[in-house]
Every structure is written in structure tokens, then in C-alpha cells.
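A short write-up of the structure that comes next.
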Amino acid sequence: MASGTEKAVGSEKTRIVLLALAAGQFLMALDSSVMNVSIATVAEDVGTTVTGVQGAITAYTLVMAMFMIPGGKVGALIGRKRAFMIGCVIYGCGSLTTALAPNLTVLLIGWSFLEGIGAALILPAIVALVAGNFATERRPAAYGLVAAAGAVAIAVGPLIGGVATTYFSWRWVFAGEVLVVLGILVLARRIADAPVGARPRIDLVGAALSAVGLGVFVYGLLRSDEWGWFQPKPDAPSWLGISLVVWLMLAGLLLVWLFLRWESRMVKRRKEPLVDPAMLENKQLTGGLTMFFFQYLVQMGVFFVVPLYLSVALGLSALETGARLLPLSVTLLAAAVLIPRFRPDVSPRRVVRLGVLALLAGAVVLLGALDVDAGAEIVAIPMLLIGLGMGALASQLGSVTVSAVPEAESAEVGGVQNSVTNLGASVGTALAGSILIAAMTTSFLTSVEENPAIPSEVKSQATVELESGVPFLSDAQLKSALDEAETSEEMTQAALDANEDARIDGLRAAVAVLAFAALLAMFFTSRIPKIQPGSMQ
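Numbered by this note's numbering, the letters in the sequence shown go through residues 25 to 561 in order.
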């Protein structure tokens, strides 16, 4: 009887622990998708532009990418449970700050910085706490359920954001996150701390090199729409006649190279590195990490571009935009949950390849369907395909990376994996936004230049003023601005037509880049194993 009671209590405790860890994973993933349907509303509310909100979204994932690996080491230093709970407190403070943000600066502090730092402590700790709280035979299921929680967040995020923005305010999403954090902290008291060996000394030089290198690279990418890729735009910073974007990206790559060299030196001196470079020689691990990078690059690029098309180009409400993304949510969840359940022994490489093909097919179908006269219905099939691809990848990649190294290194892999996924998310959002603005600017100025109804002096003025970048505006926003400028009816109509065509051209260019990224990913699928990790001898 006592044994049965103890077993029941143990089972209840593991459910509570799993709920706490899954809720943490859910919250981290939610912030990456919940506001994409409300970009235009958030921009207007805090007095900024679509590009400004794009910067906040990118900065959030960038901060996570920069500090994820050091965050994992902090957990090893102070204890995984303590790192998890401290991260939750910091994240909750960030959510509260964001909910009350009156302008873009405060939004960046709360959303991008504080929440990003909190996530950098939480996510690596989750990997180690699963290992420390579940028996070996139960860990695959636990990891799977935690990963599924992240997939659920990505799937339902747009709908949550749409409902909140339409009926209440986008600020209620972040206020709700504070309540979720409080609930997690209550549940987390039942978590047993993950065992740690010798307390490591944090490699401060390596942490600085990796964080600054990644930060400088993605910052340069983010500024490309304003400064120009190679040829500097008017009044944009440059060096030797080349846009500062190029130099920032090169500097970032150089710092990452120096980081890897420094880590190798630490190993030779028998000191503990931030990341053991030997891990990067593991074919299975690097294959999984590469696919994670491409998955999140395409995923976050799509979550940036498609909501812009629906909410700005077509004028749908946040709720209608979220509803149009629902097909992606359905197929993502179906693939992520059902593939492991019904085909547990399927070849990971085959599933990953089919997933990448689904991403590519979805992007190509969307690219062909985008047109000035197209409606919201064109996104249905692309969303089904892209969701299927994302779910297929999510069902395999976590197991591939964690099983590639000994169990003792699982937390370190967790830090690297989360760093790579957030780097991919940052690059995807920044790249999609940059290409969109650049293509839209070129298209808009070409339309203005070729329109005989627009006087030559107006064309010259437009070229000078808009060469640095055309804002992504709805027809209503542009018409309001033109009315304030008291332009003629003929010129107003010409500008509206040019804006409509330019928006579609920009969206097509961004989707084309995402399709190319999916195609490029196919070349790296050979590094994914053919046999399920649990079946390997």
C-alpha cells in the first residue's frame, strides 16, 4: 500500500515538474510568434514604424542567441533550478515592462533585452532539468512533450495575439505572461535541481567574443534596409565607399572565428571552454544544428512576411490575420505529435528531407500566388505546406542533437541548440525585412519615374527623399499622408498604385529569399542520421 502511495505521489510530482518545464518552453516560444499579427497595431501604439517593430522582434531573438551559451554556463555555476527561476523572474519583469511600454525604447528594454536575458537562462536549464528529474527511459517522452509545448506556442501564438489585439489590446498578452510566470514559479518548487559536477569557471573572454560577434553580424544585417547592402544609401555610414553593413558582417564573422580559436586554446591549456570545439566535429550534431538554423530562418521569415501581407496589404484585423495562419498551426501540430507516435522508427533523414521539401513547396506556391488582385485565401495552401514542414522538422531535430553527445553534455548542447535556433530566427526576420524594403523601394521609385502623370520635379524630390527606404504602408495610411500634403487627386492615385505594386514586389522578393534558404537547407540533410537515435547500436 505504501509503495503504491509513494508511486502515486512520485507520478504526481513528475507531472507537476513536466508542466512547469513545458510551460517555460511554451512561454519562450510564444513571444516569437504572438505579436507578428499585430505588427502594424504595435507600431502605431508606440509611435514607431513596421521597421521599428521588426527591429524589436529581431533584437529579442538576437539577445537570446548572444547569451544562450553563457546562460547555460551560469546554470552550471549557480544550479539549473536557480538559473531557471531567476530567468523566470527577469522574464516576468520584461513582460511587465513591455505591457506598460509608452514608446519603442521602453519596448526594446522590456521585450528585447529583459525577456531575452531571461530566456537565455531558462532554455538551457530546461534541457538539464528534464535529464535530472526523469529516469532514463522516460526522458525521450519528456523531451518530446516539452518540444511539443514549444510547437503549440508557435501554432496558437498568432491566434492569441489576434484575439487580444482585436478585442482588448496587445498589451494584455504581456500582462498575461506575467501571470504565467508567477504560476511557473509556484510549480517550480517541486523541481529537483539537476546534478552538477565541479563548478565551472565561466570563460568571460569566450562569452564576450561569441556575444559580440553574433550581435555585430546580425546588427549589420538588420541595418541593411536603411544603409544599403554594398552601395551606401544617402547619408548612410560607409567606409572606403562601401556600406557599413558589409564591414559589420565581416567583423562579426571575424569575432566568431576568434571565439572558436580561443576555445581551442582553452582546451589545449586544459581549462574549461565555453563550447568545446570538438563538439562541432560531430557530424550528427552539426547536421541537426544546421537544420535548426534553416528551419527557424524560414519559419520566422514567414511569420514576418505573411502577417504583413494580410494585415497591411489586405487590411485584415489582427484576429482575421491569426485565423488565416491557423492552417499552419494545424499541420505543424499534427506532424510534430503524430509522426513520433505512429512512426517511431522512421528514418530521421527521410522525415527531415520531406519537411524541407514541404517548406520549399509552400514558399514557391506562395510566391506564385502573390498578386495585386489576390485575396487572403491564397495563403491557405502555402500555410498548410509550411506548417507540415515545420512540424516534421520539430519531430526529429531535438532528438537528433541531444542524442549526438553523451548525456553529461546535454545541457551544453541545449545552450548551443537554442543559440543556433535564435540566431536563425534573427537572421530570418532581419533578412526578410531587409529584402522586402529594398525591393519595395526599387519598385516604388521605378513606378514613380515611369509615370507621366507625375511632374519631373516631384520625381526628383521623391528619389532623393525615398532612396533610403520606402516605408511599408497600407493604402489608407498613404492616402492619409498624401491628403495632409494636399497632393492632387491624380498624383494621389498614382502614388497609391505605385505603393500597391511595390508592396507585392517586396513581398515576392522576401518570399523568394526564404524559398532559396529552404532549397539551400536540402544540401545539408545528408548529415542527419538514417536511423532513429534510440535504435542505434
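We put the beta carbon where it would ideally sit given N, CA and C, even for glycine.
The model shown is predicted, which means the values in this text are computed figures rather than measured ones.
Taken in chain order, the whole alpha helix (DSSP H) runs of length 4 or more contained in the segment 223–288 are 228–246, 248–251.
R532 and L356 have their C-alpha atoms spaced approximately 24 Å apart.
Rounded to the nearest whole angstrom, the C-alpha separation of V280 and Q556 is 32 Å. The criterion of a C-beta distance shorter than 8 Å is not satisfied by M290 and L245. Boundaries of the alpha helix (DSSP H) harbouring Q308: 307–332, taken from the DSSP string. Taking 8 Å as the upper bound for CB-CB distance, Q49 and G174 are in contact here, some 5 Å apart. By the Cβ rule, the segment 449–466 counts as touching the segment 79–87, because three or more pairs are nearer than 8 Å.
With contacts defined by Cβ atoms closer than 8 Å, P553 and R373 form a contacting pair.
With respect to A454, T82 sits close: the two C-beta atoms are nearer than 8 Å. Taking 8 Å as the cut-off, the beta carbon of Y115 is found no closer than this to the beta carbon of A80. In this chain, the alpha helix (DSSP H) harbouring D69 covers 63–69.
With respect to the 8 Å criterion, A123 and A53 are not classified as neighbours on the basis of their beta carbons. Going by C-alpha positions, V77 is about 16 Å away from V242.
For the pair A382 and G413, the CB atoms are nearer than the 8 Å cut-off.
Per DSSP, reduced to three states, the secondary structure at K554 is coil, with no helix or strand assignment.
Membership of I208 in the alpha helix (DSSP H) is indicated by the continuous run 195–211.
Taking one beta carbon from each stretch, the segment 382–402 and the segment 330–341 have 3 or more pairs nearer than 8 Å; the two touch.
For W286, the closest alpha carbon among the candidates I266, S248, P258, L233 is that of L233. In this structure, the alpha-carbon of V270 lies about 29 Å from that of G95. Sequence-distant Cβ neighbours of S419 in its own chain, meaning closer than 7 Å and more than five residues away, are A359, A360, I363, P364, V375.
Within a 10 Å sphere around the beta-carbon of N523 sit 16 or more other beta-carbons, which makes this residue buried. Per the coordinates, the alpha-carbon of I208 lies some 28 Å from the alpha-carbon of S427. Contact annotation: L384 and L543 have beta-carbon atoms nearer than 8 Å. Per DSSP, S419 is not a residue of any alpha helix (DSSP H), being assigned neither H nor E.
Taking 8 Å as the cut-off, the beta carbon of A526 is found closer than this to the beta carbon of M464. Taking C-beta separations shorter than 8 Å and ignoring five residues to either side along the sequence, the partners of M109 in its chain run L209, A212, following chain order. Taking all protein chains shown into account, W251 has 16 or more neighbouring C-beta atoms within 10 Å of its C-beta and is therefore buried. Boundaries of the alpha helix (DSSP H) harbouring L390: 372–393, taken from the DSSP string.
DSSP, reduced to helix, strand and coil, places R527 within a helical segment of the structure shown.
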